[in-house]
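Engineer: Submitted below is the structure of interest, expressed as C-alpha cells.
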Amino acid sequence: MKDGFDLKEELKKLPDRPGVYIMHAADDEIIYVGKAINLKRRVSSYFRAKVNRGPKIDKMISLIDYFEYIVTDSELEALVLENTLIKEHSPKYNTMLKDDKSYPFMKVTVGEDFPRVLFARHMKRDGAKYFGPYTSGGAVKDTIELLKKLYGIRTCNKSLPKDIGVGRPCLYYQMGQCAAPCQGYISKEEYAKKIDNLLGFLNGDYKKVIRDLESKMKEKAAAYEFEEAATYRDLIESVRHVTGSQRVVKTEGIDRDIIAMARKGEEIVVSVFFVRDGKLLGREHFHMEYREDITINDENNTLIKEMEEETIGSWIMGTFIKQYYNGTPFVPNELLVEYPVEEQELLEDWLSKLRGGRVHIIIPQKGEKHKMIDLARENAAVVLSRDLEKIKREEARTVGAANELANMLGLPSANRLEAFDISNTGGYQSVASMVVFEKGRARKNAYRKFKLRTVTGPDDYKSMEEVLTRRFTDERFDVMPDILMMDGGRGQVNVALKVLDGLGLNIPVCGMVKDDNHRTRGLYFNNQEINFPKNSEVFGMITRLQDEAHRFAITYHKSLRGKEQVHSILDDIKGVGPAKRKALMQHFKEIDKIRNASVDELTEVKGITKTLAKEIYDFFHEA
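Per our numbering, residue 691 is the first one in the sequence shown, and the count goes up by one each step.
Structural data, given as C-alpha cells:
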C-alpha cells in the first residue's frame, strides 16, 4: 500500500454518504472509478473476504494500492460525476466492468444561420451550445420532439440558406413540428427569436412551458381528447426528468472554480472544484500551513491568533488565490469562494488581466452556488481528517525517527544523515554512492556518485578512504552531515574516523550492521553495537537509508558496466561517432570486414570521406 495509507483506518473513515470513489494502482494510475449510494458500504465491499466476483474483477482488486473519494448530495450527482471522471481518465477497468456508454447531450448549432437542435453523444468544440449530460437518452429524444412541437426548430442536415427552395418541405412541416426555413416560410430574424426562447427553456426557464403544457393537457382532457392529453402528459414527464436538479454538473456552459477550505490547528486544506463548459472535470486539494505567529499585511498588522474565524478564512482565501492563480495557466470566468477576500476588486482586476477577460469573485450566501461551496467544504474536511492521520504517521517515520536516533545516540541532532556504499565486480568499475536523508526523508537532489580513481582491485576500505577524502575536501559540498552512516561495521567506521581525524573534522560516525541475510540489524557506534526493535520508526528509517545507499551504488555500477559492454573499437577512431559507427556496421556487418576493407571500399559507406576512410584504414593497419 502507498506510504502512509492505512487501509483499515481509511475504510473506517468512509462516510455513509453517496459519492464517487477512485481506485489507484501503485504508480498512482487511476484504474477504476465507481459511484455509490453509500461510500462506506460500497468501497468496503472490495476488501472483504473473496467472493465469486470473477477473475477480471479479482485482478483489478489485487492492483488497488489506495483509494480516494468525492462526496456528493445524491446518487444522481454521483452518477453524472462518475461518468465525467471516467471520460476524463479512461480507467482501464471501467471499460471492463461496465458499459462504456456516454450520457447524452442536447446540441443547438447556434453558429448556423438557421440553428438545429440535435442529439449528441459527445461534446465538441465546434461553436455549438451543449446542454447536459443527461442520464436518459430516451428523455432527451422526447424533449427534442417537444422542442420541435413548441418552437418548430429544424433537425435536418440541409445547408441553409444555400438550399432554401430546394425540394419540398419535410413531413415535420406537415405535422406542425418545423417552421420550414428550407422553404423560406420564416425569416432569419423570426427563427432567431424561436432559438432564443428554446435556449431560455434549456437554461432552466421551463416552468412557464410546463404550465402551458399542463393547461393544454387539461383543455384536451376537458374536450375528451384523451390521446392528445396523454401525449402532453408524457412530454411533461420527460421535461421534468431531463431538467431534474444536477448540482455537481451544471449545464450553463460556464468556466468556474469553487473554492472552500477546512482547518484544524496549523493544518489547512483548500478544496478546488473545476467546472469547465458546465462540466465538473475534477478537483484538487491543496495544503497550506497556518502559524499563529504570522502577521497579516494590513493597516493594523493584526495577528492571526487575535482574529475571528471568518477573518482567518478571508486571509487564507486571499493568500491561496494569489499563490495558486499566479502559477496556473488557466483562469475561469468565476471564482466561487467561501469567505470574502481582501482587496476583492484589485484581485478581480489582476485575475481578469491573467485571463484576458472579465473574472468575478463571488461569495454565495444562498441557493445553488452556496450549496456548491458546502460540497467543496465538506470534501476539504474529509481530506483534512484523512491527511491529519497521514501527516502524523509520516512525521513519526521521518522527523520522529531522526529525533529518536539522536536521543538514542546522545547526539544533539540527526537531521542530516549521509550514507556511503561501495559497489564493484571483483574490483572492476569500482564506484561509490552518497545518499542523503534530511529530517528522515530522502533528499535525492543531494545524492552524489563517485568513480574510484586511485584504487585498483576489490579493496572496500581503500575505496571508502578515497571517497570520504574527496567528499570532505571538495568545497562544493557546503553542508556538513550531523552523522556519517557507513555501510558496514567496525572496519568501515574506523576508516571514516581516520579520514575525519586527518582533516580535523569532528563528525559522529555510525556503521550500519547487517545480519547473515544482508539485512539491517543495528548500528555500530562508539565501539558497541546498538540494536533497535524491528518495528520501531528509527529501525525503519535506518533500513531505508541503507537500502537506498546500496540501490544507488549498484545502479551506477551497472550503468557503467553496461556502457563498457556496448563500447566498440570503432569508438576509439578519431572522427567516428555514433552515426558513422552505425553506418559502418550496417554496411559491413562485422568488425573484421571493416578491418580488412580497403580505403576505396570504406568510402562507399555513406558519410565516410576519403580522409576518414584513410584514418580508419590506418587505425587497423598500424604496426
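Don't be surprised by glycine CBs; every beta carbon is placed ideally from N, CA and C. All of these numbers come straight from a predicted model, not from anything done at the bench.
Based on the DSSP secondary-structure assignment, which residues constitute the bridge partners of S1123?
Structural biologist: Partner(s): D1111, K1139.
Engineer: Could you give the first and the last residue of the continuous beta strand (DSSP E) run that contains T1210?
Structural biologist: Segment 1210 to 1215, the beta strand (DSSP E) holding T1210.
Engineer: Would you call the CB atoms of D706 and R731 closer than 9 Å?
Structural biologist: Against a cut-off of 9 Å, the Cβ pair of R731 and D706 comes out as a contact.
Engineer: Determine the DSSP secondary structure at V959, reduced to helix, strand or coil.
Structural biologist: In the structure shown, V959 sits in a strand (DSSP, three-state: E or B).
Engineer: On the DSSP letters alone, give me the boundaries of the alpha helix (DSSP H) that V660 sits inside.
Structural biologist: Outside the shown range of the chain (691 to 1313) lies residue 660, about which nothing can therefore be said.
Engineer: Run through DSSP, which three-state label would R1087 get?
Structural biologist: Here R1087 sits in helix by DSSP.
Engineer: Applying the criterion that 16 or more other CB atoms from any shown protein chain within 10 Å of the CB defines a buried residue, is H1311 buried or exposed?
Structural biologist: Counting Cβ neighbours within 10 Å, H1311 comes out exposed, since fewer than 16 surround it.
Engineer: Tell me whether A952 sits in a helix, a strand or coil according to DSSP, three-state version.
Structural biologist: Of the three classes helix, strand and coil, the one that applies to A952 here is strand, per DSSP.
Engineer: Just curious, the alpha helix (DSSP H) that I900 is in, first and last residue?
Structural biologist: First-last of the alpha helix (DSSP H) with I900: 897 to 912.
Engineer: Within 10 angstroms of the Cβ of I1306, are there 16 or more other Cβ atoms? Answer buried if so, exposed if not.
Structural biologist: By the 10 Å Cβ count, I1306 comes out buried.
Engineer: Can you tell which of R1076, V761, F757 has the C-alpha that lies nearest to the C-alpha of I712?
Structural biologist: Of the listed residues, the one whose Cα sits closest to I712 is F757.
Engineer: Which ranges would you report for the alpha helix (DSSP H) in the stretch 711 to 752 if only whole runs of at least 4 residues count?
Structural biologist: Taking only runs of at least 4 residues, the alpha helix (DSSP H) segments lying wholly in the stretch 711 to 752 are 729 to 735.
Engineer: How would you call P1022, buried or exposed, if buried means at least 16 neighbouring beta carbons within 10 angstroms?
Structural biologist: Buried is the call here.
Engineer: Classify E974 as helix, strand or coil using the three-state DSSP reduction.
Structural biologist: Of the three classes helix, strand and coil, the one that applies to E974 here is strand, per DSSP.
Engineer: Looking at the unbroken beta strand (DSSP E) that takes in V1049, where does it start and where does it end?
Structural biologist: Here V1049 belongs to no beta strand (DSSP E), and DSSP marks it neither H nor E.
Engineer: Rounded to whole angstroms, what is the Cα-Cα separation between R953 and D1077?
Structural biologist: Answer to the nearest angstrom: the Cα atoms are 12 Å apart.
Engineer: Rounded to a whole number of angstroms, what is the C-alpha to C-alpha distance between R937 and G724?
Structural biologist: For R937, the predicted model reports a pLDDT of 41, less than 50, meaning its position is unreliable; a value from the coordinates is still stated below. About 18 Å.
Engineer: So, with DSSP's three-state summary, where would you put K703?
Structural biologist: Residue state, collapsed to three classes: helix.
Engineer: Out of N1093, R1133, S1042, Q1034, state which residue places its alpha-carbon closest to the alpha-carbon of V1228.
Structural biologist: Comparing Cα-Cα distances from V1228 to each of N1093, R1133, S1042, Q1034, the minimum goes to N1093.
Engineer: In the structure shown, what three-state DSSP assignment does Y922 receive?
Structural biologist: Looking at Y922 - three-state DSSP - the assignment turns out to be helix.
Engineer: Short of 8 Å in beta carbon distance, which residues of its chain neighbour S930, apart from the five on each side in sequence? Order them along the chain.
Structural biologist: The sequence as given places Arg at residue 930; Ser does not occur at that position. Result list for R930: I900, in chain order.
Engineer: Is the stretch 1185 to 1194 in contact with the stretch 1209 to 1220, if contact means three or more CB pairs nearer than 8 Å?
Structural biologist: These segments do not touch.
Engineer: Indicate the three-state DSSP secondary structure (helix, strand or coil) for G828 in the structure shown.
Structural biologist: Looking at G828 - three-state DSSP - the assignment turns out to be helix.
Engineer: Does the contact criterion of 3 or more C-beta pairs under 8 Å hold for the stretch 1270 to 1277 versus the stretch 1290 to 1304?
Structural biologist: Counting Cβ pairs under 8 Å, three or more are found: they touch.
Engineer: Whose CA, out of E1291, E778, S735, F891, lies closest to the CA of I751?
Structural biologist: Of the listed residues, the one whose Cα sits closest to I751 is S735.
Engineer: Helix or strand or just coil, what does DSSP make of T941?
Structural biologist: Summary for T941: the model assigns pLDDT 39, below 50, so the residue's position carries little reliability; its value from the coordinates is reported in the next sentence. The answer is coil: DSSP assigns T941 none of H, G, I, E or B.
Engineer: How should R1234 be labelled, buried or exposed, when 16 other C-beta atoms within 10 angstroms of its C-beta is the threshold for buried?
Structural biologist: Buried, since its Cβ has 16 or more Cβ neighbours within 10 Å.
Engineer: For the alpha helix (DSSP H) containing Y1029, name the first residue and the last one.
Structural biologist: Element bounds for Y1029: n/a, residue is neither H nor E.
Engineer: One question on the structure: do V1183 and A1070 come within less than 9 Å of each other, judged by their Cβ atoms?
Structural biologist: No, these two residues do not count as a Cβ contact at 9 Å.
Engineer: Rounded to whole angstroms, what is the Cα-Cα separation between R981 and E956?
Structural biologist: With a pLDDT of only 44 at R981, under 50, the local geometry of the prediction cannot be trusted, and no value is derived from it.
Engineer: Taking its Cβ as the centre, do 16 or more other Cβ atoms sit within 10 Å of H977, making it buried, or is it exposed?
Structural biologist: Burial call: exposed.
Engineer: Taking the CB atoms as reference points, tell me whether R1106 and P1198 lie closer together than 9 Å.
Structural biologist: No, they are not a contact pair.
Engineer: Which same chain residues, not among the five before or five after H975, have their C-beta less than 6 Å away from its C-beta?
Structural biologist: Same-chain partners within the cutoff: V959, S961, V1073.
Engineer: Consult DSSP for N1221 and reduce its assignment to one of helix, strand or coil.
Structural biologist: DSSP places N1221 in strand when its eight states are reduced to three.
Engineer: Comparing alpha-carbon positions, which option in E915, Q873, A1122, D832 lies nearest K848?
Structural biologist: Closest option to K848, Cα to Cα, is Q873.
Engineer: Anyone know if the C-beta pair for G1201 and G1178 falls short of 9 Å?
Structural biologist: Closer than 9 Å, so yes.
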